[in-house]
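There are 2 protein chains.
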Amino acid sequence: MKSQKITLREPHPRRSYEDACGAAHALDLVGERWALLVMRELLLGPKRFSDLRADLPGISANVLTQRLEGLADSGILVRRKLPPPASVQVYELTPWGYESEPIFQALGRWAARSPEHDPSLPLSAVSLLISFRTMLDPQRARGLRARIGFRIGDESYLARVVDGRIDVARDELEDADLVFAASAPAIAAAVYGGRPLDALEAEGALTVKGNRSLAKRFVKLFPLPPKIAQST
Amino acid sequence: MKSQKITLREPHPRRSYEDACGAAHALDLVGERWALLVMRELLLGPKRFSDLRADLPGISANVLTQRLEGLADSGILVRRKLPPPASVQVYELTPWGYESEPIFQALGRWAARSPEHDPSLPLSAVSLLISFRTMLDPQRARGLRARIGFRIGDESYLARVVDGRIDVARDELEDADLVFAASAPAIAAAVYGGRPLDALEAEGALTVKGNRSLAKRFVKLFPLPPKIAQST
DNA sequence: CGGCATCCGGGAAGATACTG
DNA sequence: CAGTATCTTCCCGGATGCCG
Numbered sequence: 504m505k506s507q508k509i510t511l512r513e514p515h516p517r518r519s520y521e522d523a524c525g526a527a528h529a530l531d532l533v534g535e536r537w538a539l540l541v542m543r544e545l546l547l548g549p550k551r552f553s554d555l556r557a558d559l560p561g562i563s564a565n566v567l568t569q570r571l572e573g574l575a576d577s578g579i580l581v582r583r584k585l586p587p588p589a590s591v592q593v594y595e596l597t598p599w600g601y602e603s604e605p606i607f608q609a610l611g612r613w614a615a616r617s618p619e620h621d622p623s624l625p626l627s628a629v630s631l632l633i634s635f636r637t638m639l640d641p642q643r644a645r646g647l648r649a650r651i652g653f654r655i656g657d658e659s660y661l662a663r664v665v666d667g668r669i670d671v672a673r674d675e676l677e678d679a680d681l682v683f684a685a686s687a688p689a690i691a692a693a694v695y696g697g698r699p700l701d702a703l704e705a706e707g708a709l710t711v712k713g714n715r716s717l718a719k720r721f722v723k724l725f726p727l728p729p730k731i732a733q734s735t
Numbered sequence: 504m505k506s507q508k509i510t511l512r513e514p515h516p517r518r519s520y521e522d523a524c525g526a527a528h529a530l531d532l533v534g535e536r537w538a539l540l541v542m543r544e545l546l547l548g549p550k551r552f553s554d555l556r557a558d559l560p561g562i563s564a565n566v567l568t569q570r571l572e573g574l575a576d577s578g579i580l581v582r583r584k585l586p587p588p589a590s591v592q593v594y595e596l597t598p599w600g601y602e603s604e605p606i607f608q609a610l611g612r613w614a615a616r617s618p619e620h621d622p623s624l625p626l627s628a629v630s631l632l633i634s635f636r637t638m639l640d641p642q643r644a645r646g647l648r649a650r651i652g653f654r655i656g657d658e659s660y661l662a663r664v665v666d667g668r669i670d671v672a673r674d675e676l677e678d679a680d681l682v683f684a685a686s687a688p689a690i691a692a693a694v695y696g697g698r699p700l701d702a703l704e705a706e707g708a709l710t711v712k713g714n715r716s717l718a719k720r721f722v723k724l725f726p727l728p729p730k731i732a733q734s735t
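These protein sequences, in sequence, are chains R and Y.
Under the numbering used here, the first sequence has 578 at position 75, and the numbering climbs by one with no breaks.
Under the numbering used here, the second sequence has 697 at position 194, and the numbering climbs by one with no breaks.
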């Protein structure tokens, strides 16, 4: 009888703050490094393992594996196999997982005031689209009704603006009034960096198809909050 | 000439997600373990090092030191010396730091739906009072106007309810309509655990001074969101 | 006593290579 | 493509000790 090494997957009692405060429990669930960013990337629909890796530059495969396991154990996302002929593994937020969006909005709104925030860093398509939901100024969008498409990489997203509110989804762009085709950072440069559309088009970073004056209005709808006063 | 070992405090280029997304930058600032909980404890006013240690069971002194340094470097809090005769070091959020409260509300509201959330764990006074701001149901508080005091340990807090809204501060309790004296978890048991006030008073965990029917109404003002449906 | 530096052990994160 | 295996590095947590 050989001495057998049993690797019983003792499911490591996750480290907890042992605090009844709801925020503390949230951190028990999603406070580990990369966890919230994995969730963010799924906010507009399911993705595959390698999509997540590509959209989260810097995450390593084993950390991504661990986070997906942990988030699935907590009921925040599920592993699902798409029906044939796709038959591919994807990760998808549960309904409760989708309810986490206000967390990202609160974090994003607050951190946008940081003097160290650098909007010129890389940015994923999902981050950009979610930021539209967060930053839309209802005043400036008043009376506007438009369907605006985004072609980023080989995904397409549709934003519907209806009197002061905006909705965003991965979707086809058939009847959009306007389509931007560009990388996410290029669109961010127009919306948040104040770069003129003409300049971005001239350097080939972005193209606008459709209602051009609507495009010029759209990029003004998302004012950033003022940076904090620096004492240094 | 002796060879001198210079330990120039190279201020460790903090690990960053290198991501333009506002939420990602927020995590660069406050994503380290304990950082948000330190901020939470300061949301109702400045505290000393040892108060923070006491209110954050489990944090170690060196981690607290590191977090306070990091948060101060980021402009989220400041070290301040109270004027004589107190002459004591305290840590206080900056105006921008105080603006982080919506983050705690979003986290708390979301995590309260987790099946693993256990409201009977230890709870700090600040957590409890902030949770009132988060969870008040404006419907149930409609038409109510009251000043409700809390004596927790040797601190006192005052909540002012004015038609559907609540404000909370560390304050004296002179003209409160009602004062609860208890530990934070005992008050939480009444408000969130549904324990009857009479039972808690009977076991000596809590006392009510003043308008008793107001007390019974107050503890009903903060309904918890429904837990998520469990597939297990 | 309050605040902070230092050392140490364990564990989580990061990088790289490898496998079905 | 979707992960595992392995190794290294760094962070967290605990203990001790210094110094005002």
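Yeah, the Cβ is synthetic: ideal placement off N, Cα and C, and Gly gets one too.
Quick caveat, the model's predicted, so the values are computed rather than measured.
DSSP three-state assignment for residue i, whether helix, strand or coil
i, result
"residue 595 of chain R", "strand"
"residue 712 of chain R", "strand"
"residue 648 of chain R", "strand"
"residue 719 of chain Y", "helix"
"residue 669 of chain R", "strand"
"residue 685 of chain R", "strand"
"residue 519 of chain R", "coil"
"residue 553 of chain R", "helix"
"residue 574 of chain Y", "helix"
Of the residues the options, the one placed nearest residue i, counting alpha carbons only
i, options, result
"residue 666 of chain R", "R/643, R/634 and R/530", "R/643"
"residue 556 of chain Y", "Y/548, Y/573, Y/671 and Y/537", "Y/537"
"residue 691 of chain R", "R/617, R/517, R/597 and R/622", "R/622"
"residue 613 of chain Y", "R/729, R/543 and R/526", "R/526"
"residue 593 of chain R", "R/607, R/605 and R/571", "R/571"
"residue 549 of chain Y", "Y/687, Y/524, Y/585 and Y/568", "Y/585"
"residue 684 of chain R", "R/715, R/564 and R/652", "R/652"
"residue 727 of chain R", "R/645, R/700, R/638 and R/659", "R/638"
"residue 659 of chain R", "R/561, R/540, R/646 and R/687", "R/687"
"residue 528 of chain Y", "R/697, R/597 and R/618", "R/618"
"residue 648 of chain Y", "Y/520, Y/720, Y/553 and Y/539", "Y/720"
"residue 731 of chain Y", "R/669, R/700 and R/579", "R/579"
"residue 543 of chain Y", "Y/566, Y/608, Y/675 and Y/699", "Y/608"
"residue 737 of chain R", "Y/733, Y/520 and Y/591", "In the structure displayed, chain R extends from 504 to 735; residue 737 of chain R sits before or after that span and is not available."
"residue 676 of chain Y", "Y/661, Y/599 and Y/668", "Y/661"
Cutoff 8 Å: residue i Cβ touching any chain Y Cβ
i, result
"residue 636 of chain R", "no"
"residue 692 of chain R", "no"
"residue 554 of chain R", "no"
"residue 583 of chain R", "no"
"residue 621 of chain R", "yes"
"residue 632 of chain R", "no"
"residue 526 of chain R", "yes"
CB contact check: residue i to chain R, cutoff 8 Å
i, result
"residue 522 of chain Y", "yes"
"residue 639 of chain Y", "no"
"residue 616 of chain Y", "yes"
"residue 609 of chain Y", "yes"
"residue 602 of chain Y", "yes"
"residue 624 of chain Y", "yes"
"residue 722 of chain Y", "no"
"residue 570 of chain Y", "no"
"residue 605 of chain Y", "yes"
"residue 563 of chain Y", "no"
"residue 669 of chain Y", "no"
"residue 529 of chain Y", "yes"
CB of residue i within 8 Å of CB of residue j, strictly
i, j, result
"residue 532 of chain R", "residue 595 of chain R", "no"
"residue 663 of chain R", "residue 654 of chain R", "no"
"residue 626 of chain R", "residue 522 of chain Y", "yes"
"residue 547 of chain Y", "residue 673 of chain Y", "yes"
"residue 682 of chain R", "residue 713 of chain R", "yes"
"residue 709 of chain Y", "residue 680 of chain Y", "no"
"residue 611 of chain Y", "residue 634 of chain Y", "yes"
"residue 552 of chain Y", "residue 540 of chain Y", "no"
Residue i versus residue j: straight-line alpha-carbon distance, rounded
i, j, result
"residue 589 of chain R", "residue 575 of chain R", "22 Å"
"residue 616 of chain R", "residue 603 of chain R", "22 Å"
"residue 641 of chain R", "residue 583 of chain R", "37 Å"
"residue 628 of chain Y", "residue 703 of chain Y", "18 Å"
"residue 630 of chain R", "residue 524 of chain Y", "6 Å"
"residue 694 of chain Y", "residue 725 of chain Y", "7 Å"
"residue 558 of chain Y", "residue 689 of chain R", "46 Å"
"residue 678 of chain Y", "residue 715 of chain Y", "15 Å"
"residue 599 of chain Y", "residue 700 of chain R", "33 Å"
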